[in-house]
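In the working numbering, the protein residues as written are 11 to 119.
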């Protein structure tokens, strides 16, 4: 009985090897792997280009916002400094209009 089981196992092994070769074997497997690799590379390239375009758009938007923010801060600064200068001018103006009298410490003639 052992001999019969052994012979059936060898026949099954031979049939499986023939079926593997008939379906393409290692060549077909290699061809499938190469096809998938090339597909992945093309997807990477397309995704990379799209990503670069998005980064460029974001960069231009960021620069525009940075310029607008800088302009707003400059206008705010000039508005604040203008008010400070007006207040300083108002404080100095009354002092200049009414000078304090000075007394001389010498002899009167």
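Backbone N, C-alpha and C fix where the C-beta goes; we use that ideal spot for every residue, glycine too. Bear in mind the structure is a predicted one, so any value in this text is a computation, not a measurement.
1. Give the range of the alpha helix (DSSP H) segment to which residue 15 is assigned.
2. May I have the straight-line CA-CA distance separating residue 72 from residue 65, to the nearest angstrom?
3. If you drop the 5 nearest sequence neighbours on each side, which residues of the same chain put their C-beta closer than 8 Å to that of residue 34?
4. Given this structure, state the Cα-to-Cα distance separating residue 88 from residue 79, to the nearest angstrom.
A quick look at the data gives this:
1. 12–32
2. Near 10 Å, if we compare the C-alpha coordinates of residue 65 and residue 72.
3. Hits under 8 Å: 41.
4. Their backbone Cα atoms lie some 14 Å apart in a straight line.
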